[in-house]
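Under UniProt numbering, think of the first position of the sequence shown as 1, with each following residue one higher.
Yeah, the Cβ is synthetic: ideal placement off N, Cα and C, and Gly gets one too.
Fair warning: this is a prediction, and the values are worked out from it, not measured in the lab.
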Amino acid sequence: MTYTEVKINIDNLQQEVEARGGLNSEQFVKLSQKYRLECNYFSNSTEGNTLTKEEVRSMIGGIVNVDNKPLKDLMEIKKHDEVLRDMLGGALVEVHLTEKYIKELHAKLMYEESADKKLNLGQWKQMPNEMITYKGDKYPYVGVAEVKAEMKELINRTNAAIDYILKGKKYAPHPIDVALNFHIDFLKISPFEKGNGIVARMLSNQILIAFVYTPFWITDKENKAYNQYIADILCYEGAKDDLFGLIGQQILRSQQMVVDIQEGKSIEESDKFYNQIEMLKRQLKAREEEQSKVKSAEWLEKVFAHSIQPLFKEVEQNVKESFGDLFDDIKGVYTLDIAEEELVESIEEELVSDEIETEEGDAITEQVEEEVVSEEEEQIEATEEEETVLEEEEVSNIIDLENPTIVWDGVEGVQANYSLDGFKLIEGAEAIQVELVYSFTELTYVIELGNGTVFEKEYDQQLESTDIKAISDYTCESIVKEINNL
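Structure below.
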């Protein structure tokens, strides 16, 4: 079914509901509770909330029947439900958007325990943010400096489209188009440091509800496609129809519930064993995710591209800019730490290959002994030279940071050595050496600074810009200390 066909079906169901006289108060309460359960559970679950559906149901019912769950998860559901309950309460919903309202909504929806992080609630981001696509590519959202202007333009554009609908203009867009265009355009900006997905879904649903359409929620099964379609649009110039069609199907699903409840049909899934099945699925998912993040050549390549390489470049640039006038020569050297058995195995393979080639050459040239001797001597000399070069290259394992070609099998770590030679204030001063060391464990990569400070990340986590700045600043501080010791 195309997106256009989905919209037609939604409108047909909406007209069918109106023709039957809408819902009575009992039906309305039942439907609202269903929407609250689904939206609260799935919108927060996709962001990492650990509450089960039954635990969310108990919280909506006013009974906190939850064991061993983080306070943050409980508060996120509570705050999300308060906003959703007001939106579904039956009163008129404000359809126009303002910067003030969006910021207030973010503050209402999000929960932070840290006093410093609480200050960021309801405020445009102060640090750049980005997404990692399903292909492993990095996509930066709109920059910090452009957020205010971009959000103003989005709000004005959305309100203008809403006015066209309210005034019955001939070429007015469909309300669902307005809601979904706002959804993807908001995510393109991602104006807050955290919580952009939840805010985008809530505001899109607010537009739908204001025009008497039903809300949508993205289930666990649909979440992978949802995120992939968003990445396709933002990063790979994909069309919007796949994403809009997916969300449209979810609006159709919730609209069908209105018809079902009018006809006296159940809108609840069977609760028998539901919680047990859900818990088993979550355990399986957690195990699969844990297994997928074990050290591998593929993960090391991604970590290098998204964390190690940017860090080393930033540190080298910072060191050269800070100390370039004080030293004659500054350079960074980057090397791999490879397991010894991998080195021996690699060299042995090369030697065996050369021996085979030599034996084949001997067999072919048996008939001309004098020529063979001469060729063998030349070949032995050439082979020895190649082996020497090979061993030097293998042992050094130096990385060209601009054009790295790395075989990650057997790599246990990466090192950066920054050398500052020829200190201009002290003649004959020894060169200063500062080192950064990455090491790879089975489940994490670790950066040791040498002062007891350690940055440890799982393989699917990147170094954040604040981490890179902290490491770069520490490196420069270490150089200053070394200068003072000269």
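For the candidate residues K469, N24, F42, whose alpha-carbon lies nearest to that of V315? Closest option to V315, Cα to Cα, is K469.
So, D409 versus A305, is the Cβ gap smaller than 8 Å? A305 sits away from D409, with the two beta carbons spaced by 8 Å or more.
Rounded to whole angstroms, how far is the Cβ of K295 from the Cβ of Y459, which I believe are closer than 8 Å? 7 Å
Measure the Cβ-Cβ separation of V333 and N403 and say whether it is below 8 Å. no
Beta-carbon proximity of M257 to L88, cut-off 8 Å: no
Sequence-distant residues of its chain with Cβ nearer than 8 Å to Y171 (five each side left out): Y164
Just to confirm before moving on: does the CB-CB distance between I10 and L252 stay below 8 Å? yes
Which class does Y474 belong to by DSSP, given the choice of helix, strand or coil? Y474 falls in the helix class under three-state DSSP.
Own chain residues within Cβ distance below 8 Å of R20, not counting five before or after: Q262
Quick one: residues in its chain with C-beta nearer than 6 Å to the C-beta of Q250, no 5 flanking neighbours on either side, listed in chain order? F216
DSSP three-state assignment for V6, whether helix, strand or coil: In the three-state reduction of the DSSP assignment, V6 falls in the helix class.
Whose C-alpha, out of I60, Q309, Q27, F192, is nearest the C-alpha of E38? I60
For K78, name the three-state secondary structure that DSSP assigns. helix
Please tell me whether I406 and L449 are closer than 8 Å, where the distance is taken between their beta carbons. In this structure, I406 keeps its C-beta atom at 8 Å or more from the C-beta atom of L449.
Three or more C-beta pairs under 8 Å: does that hold for the region 77-88 against the region 146-156? no
Determine, using beta carbons only, whether V434 and S472 come nearer to each other than 8 Å. no
So for M59, helix, strand or coil by DSSP? Here M59 sits in helix by DSSP.
Have a look at T441 and E412 and give me their C-alpha separation to the nearest angstrom. 8 Å
Output yes or no for whether 8 Å exceeds the beta carbon distance between E438 and I432. First, the residue type needs correcting, since residue 438 is Tyr and not Glu in the sequence shown. No, Cβ-Cβ distance for Y438 and I432 is not below 8 Å.
Which listed residue (P128, C235, E430, P175) has its alpha carbon closest to that of Y139: Minimum Cα distance to Y139 is reached at C235.
Measuring straight from C-alpha to C-alpha, what distance separates H106 and L486? 53 Å
Beta-carbon separation (whole angstroms), A200 vs V93, contact threshold 8 Å: A200 to V93, Cβ: 17 Å. No contact.
Please work out which residues of its chain come closer than 7 Å, Cβ to Cβ, to T133, disregarding the five sequence neighbours upstream and downstream, and give them in chain order. Y139, A231, C235
Starting from the N-terminal side, write out each stretch of the beta strand (DSSP E) that is 3 residues or longer and does not extend beyond the UniProt domain "Fido" (97-249). Qualifying beta strand (DSSP E) stretches, in chain order: 130-132, 138-140.
Start and end residues, beta strand (DSSP E) containing N417: 411-423
Buried or exposed: which applies to K125, given that a residue is buried once 16 or more other Cβ atoms fall within 10 Å of its Cβ? buried
According to DSSP, simplified to helix, strand and coil, what is I267? coil
Which residue wins for smallest C-alpha separation from H80, given the options L463, Y226, I399, I198? Of L463, Y226, I399, I198, the residue nearest in Cα terms is I198.
Strictly by DSSP, which residues pair up with S439? Per DSSP, G413, V446.
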